[in-house]
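Peer 1:
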Amino acid sequence: MNFSNMPKIELHCHLDGSVRPKTIIDIAKREGISLPTFDQEEIKEELIAPMDCESLDEYLKRFSIPNLVMQSKENLKRISFELFEDAAKENVKYMEVRFAPLLHTQMGLSVEEIIQSVIEGMKETEEQFDIKGNIILSCMRTMSVESAFEVVEKGKIFLGEGVVAIDLCASEEEGFCGKFIEPIALAREYGYRVTIHAGETGIGKNVLEAVEWLGAERIGHGVFIKDCVEAYNMVKEKQVVLEMCPTSNVQTKAVNHFSEHPIYDFHRDGIKVTVNTDNRTVSDTSMAKECDLVSNEFAMSDEDYKIIYMNSVEASFADEKTKENLRKYLLDI
Ligand SMILES: [Zn+2]
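Its first residue numbered 1, the sequence shown is counted upward by one per residue in the working numbering.
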């Protein structure tokens with residue numbers, strides 16, 4: 001299968017991990033921001049997490065450079081536009097992009113201005129290319145519970161205007177869900193859909209708690225349900241959809257090698273999996289590349305791909321009309 005020509009859907013992609021290296025240099029030069037290097041190849045080395053990265057925390061260090069150039073409305077809009085453009089050009093028909101608004105307030109932008117700018121970039125791409133999108137607001141679990149409330153409250157006015165869901169991300173500790181029960185419950189009450197990063201770093205039980213305590217409809221990664229029977233059975237029974245990101249999972253050492261990735265075993269056992277990039281720049285990848293990887297490693301058939309594509313359609317936080325259009329692309333496969 002040639003995945004670059006196939007219709008694709010992406011449900012798990014971080015804005016700050018997917019900034020074009022050239023754009024970072026461009027903005028930094030124009031605004032006098034200091035970078036470790038202004039050479040495009042050298043900056044790539046600073047941005048891309050190596051495959052022999054030691055952990056998720058090591059991987060997350062790569063996000064400090066992009067965030068230097070994501071502090072103005074104009075730049076956020078441009079970066080959002082370019083990410084959707086990159087996706088559209090590789091035949092991604094629908095993409096949900098997530099970001100943590102509180103990382104972009106360093107130069108005085110309000111949370112509302114930040115969200116508005118990212119939405120504007122997305123809408124501009126929707127007008128020019130054959131792609132639809134939605135935005136997920138991420139709360140950093142390394143920040144306070146109050147900060148999560150702030151994101152939920154301030155993002156509320158954008159529900160139905162481009163924002164669809166709330167997420168918890170960053171460094172994963174055992175039992176983190178307990179701390180965020182209230183802000184996520186409030187988010188659900190306001191109408192946010194819920195997806196939570198969990199089971200990315202060895203703790204399968206976090207997946208169980210994300211679903212049972214936070215009402216997560218989808219799980220970011222969920223690799224470690226493989227080591228937690230209770231979480232595994234619950235995910236399978238409730239058909240909770242996993243947003244899996246193979247390259248990223250190797251870089252963060254969730255798995256040591258692609259061949260050990262549980263995605264295909266999960267799929268064969270009736271668990272609903274989806275394929276995603278996580279971070280196009282930090283993981284130096286694309287949707288076509290991730291699909292190729294899964295296909296080559298596990299001899300994924302056309303039928304498998306159709307099932308995974310449909311998992312993404314049905315689990316997306318898109319409206320029914322968008323879903324209907326996405327189902328039609330499957331006829332071309
Ligand atoms: Zn992620």
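Ideal Cβ placement from N, Cα and C applies to all residues, glycine included.
Please classify Arg-335: is it buried, with 16 or more other beta-carbons within 10 angstroms of its beta-carbon, or exposed?
Peer 2: Past the boundaries of the shown model lies residue 335; the chain is included only from 1 to 333, so the question cannot be answered.
Peer 1: For Phe-99, write down the residues that DSSP places opposite it in a beta bridge.
Peer 2: Residue numbering aside, residue 99 sits at position 99 when the sequence shown is read from its first letter. Partner(s): Leu-137.
Peer 1: Ignore the nearest five residues each way along the sequence and tell me which others in Val-207's own chain have a CB closer than 6 Å to its CB.
Peer 2: Taking the sequence shown and counting its residues from 1, the one referred to as residue 207 is at position 207. Here the set comprises Ala-198, Gly-199, Ile-219, Gly-222, Ile-225 and Ala-231.
Peer 1: Closest by CA to Lys-236, which one among Lys-289, Val-273 and Trp-213?
Peer 2: Position 236 of the sequence shown, counted from the start, is the residue given in the question as residue 236. Minimum Cα distance to Lys-236 is reached at Val-273.
Peer 1: Do Thr-252 and Ser-64 have their C-beta atoms closer together than 9 Å?
Peer 2: The residue you call residue 252 lines up with position 252 of the sequence shown. The residue you call residue 64 lines up with position 64 of the sequence shown. No, the Cβ-Cβ distance between Thr-252 and Ser-64 is not below 9 Å.
Peer 1: So, are the CB atoms of Asp-16 and Met-95 less than 9 Å apart?
Peer 2: One-based indexing of the sequence shown puts residue 16 at position 16. One-based indexing of the sequence shown puts residue 95 at position 95. No.
Peer 1: For the candidate residues Lys-179, Leu-242, Cys-139 and Ser-283, whose alpha-carbon lies nearest to that of Ser-312?
Peer 2: For this step, residue 312 is matched to residue 312 along the sequence shown. Out of Lys-179, Leu-242, Cys-139 and Ser-283, Leu-242 has the C-alpha closest to the C-alpha of Ser-312.
Peer 1: Counting only runs that start and end within the region 210 to 289, where is the beta strand (DSSP E) found for 3 or more residues in a row?
Peer 2: The region 210 to 289 contains these whole beta strand (DSSP E) runs: 218 to 221, 241 to 244 and 273 to 275.
Peer 1: Ile-43 and Ile-24: beta carbons closer than 9 Å?
Peer 2: Counted from its first residue, the sequence shown places residue 43 at position 43. Counted from its first residue, the sequence shown places residue 24 at position 24. Yes.
Peer 1: In the DSSP assignment, find the alpha helix (DSSP H) that holds Thr-23 and state where it starts and stops.
Peer 2: If you number the sequence shown from 1, residue 23 lands on position 23. Start and end: 21 to 31.
Peer 1: Tell me whether Leu-330 is buried or exposed, calling it buried when 16 or more other Cβ atoms sit within 10 Å of its Cβ.
Peer 2: Locating residue 330 in the sequence shown gives position 330, counting from the first residue. That one is exposed.
Peer 1: Can you tell me the Cα-Cα spacing of Glu-290 and Ala-100, whole angstroms?
Peer 2: For the purposes of this step, residue 290 is identified with residue 290 of the sequence shown, where counting begins at 1. For the purposes of this step, residue 100 is identified with residue 100 of the sequence shown, where counting begins at 1. About 24 Å.
Peer 1: Flag Ser-110 as yes when its Cβ comes closer than 8 Å to any non-hydrogen atom of ligand 1, and as no otherwise.
Peer 2: Within the sequence shown, residue 110 is the residue found at index 110, counting from 1. Every heavy atom of ligand 1 is 8 Å or more from the Cβ of Ser-110, so no.
Peer 1: Kindly provide the ranges of any alpha helix (DSSP H) runs that are 4 or more residues long and lie completely inside the region 57 to 136, ordered along the chain.
Peer 2: Runs of the alpha helix (DSSP H) inside the region 57 to 136: 64 to 68, 73 to 89 and 111 to 128.
Peer 1: Taking the continuous alpha helix (DSSP H) assigned at Asp-332, which residues delimit it?
Peer 2: As a working note, residue 332 is residue 332 in the sequence shown. First-last for Asp-332: undefined, no H or E at that position.
Peer 1: Of the residues Asn-5, Leu-137 and Ser-144, which one's Cα is nearest the Cα of Tyr-192?
Peer 2: Here residue 192 corresponds to residue number 192 of the sequence shown, with the count starting at 1. The candidate whose alpha carbon is nearest that of Tyr-192 is Leu-137.
Peer 1: Comparing alpha-carbon positions, which option in Pro-246, Pro-50, Ile-181 and Arg-268 lies nearest Glu-260?
Peer 2: One-based indexing of the sequence shown puts residue 260 at position 260. Minimum Cα distance to Glu-260 is reached at Pro-246.
Peer 1: Do Ala-315 and Glu-212 have their C-beta atoms closer together than 9 Å?
Peer 2: The residue given as residue 315 occupies position 315 in the sequence shown. The residue given as residue 212 occupies position 212 in the sequence shown. Their beta carbons are not under 9 Å apart, which means Ala-315 does not touch Glu-212 by this criterion.
Peer 1: From Asp-278, Phe-149, Val-282 and Asp-284, pick the residue whose C-alpha is nearest to that of Ile-9; which is it?
Peer 2: Taking the first residue of the sequence shown as 1, we reach residue 9 at position 9. Ranking Asp-278, Phe-149, Val-282 and Asp-284 by Cα distance to Ile-9 puts Asp-278 first.
Peer 1: Under 6 Å, CB to any heavy atom of ligand 1. Which residues pass, going along the chain?
Peer 2: Those satisfying the condition are, in chain order, His-12, His-14, Cys-169, His-197, Gly-220 and Asp-278.
Peer 1: Go through its chain and collect everything with a Cβ distance to His-267's Cβ below 8 Å, but skip five positions before and after it.
Peer 2: Here the question's residue 267 lines up with position 267 in the sequence shown. Closer than 8 Å at Cβ, skipping near neighbours: Val-273, Asp-304, Ile-307 and Ile-308.
Peer 1: Should Ala-299 be labelled buried (16 or more other beta-carbon atoms within 10 Å of its own) or exposed?
Peer 2: On the sequence shown, position 299 is the one that residue 299 refers to. Burial call: exposed.
Peer 1: Can you tell me whether DSSP reads Glu-303 as helix, strand or coil?
Peer 2: As a first step, residue 303 is located in the sequence shown; it is residue number 303 there, counting from the start. Here Glu-303 sits in helix by DSSP.
Peer 1: Under 9 Å between the Cβ atoms of Val-282 and Ile-48?
Peer 2: To locate residue 282, count along the sequence shown from 1; it is residue 282. To locate residue 48, count along the sequence shown from 1; it is residue 48. Their beta carbons are under 9 Å apart, which means Val-282 touches Ile-48 by this criterion.
Peer 1: With which residues is Lys-8 paired in a DSSP beta bridge?
Peer 2: Numbered from 1 along the sequence shown, position 8 holds the residue referred to as residue 8. Note: Lys-8 sits in a beta bridge opposite Val-92.
Peer 1: So the candidates are Arg-98, Phe-129 and Leu-214; which of them puts its Cα closest to the Cα of Ile-339?
Peer 2: Given that the chain is displayed from residue 1 to residue 333, the structure contains no residue 339 and the question cannot be resolved.
Peer 1: Below 8 Å on the Cβ atoms is my contact criterion, and I expect Ser-286 with Glu-90 to pass it. Report the Cβ-Cβ distance as a whole number of Å.
Peer 2: Taking the first residue of the sequence shown as position 1, residue 286 is located at position 286. Taking the first residue of the sequence shown as position 1, residue 90 is located at position 90. The Cβ separation is near 5 Å, so the contact holds.
Peer 1: My parser needs the beta strand (DSSP E) runs of 3 or more residues fully inside the region 151 to 204; what are they?
Peer 2: Those beta strand (DSSP E) runs which fall completely within the region 151 to 204 and span 3+ residues are 163 to 169 and 193 to 198.
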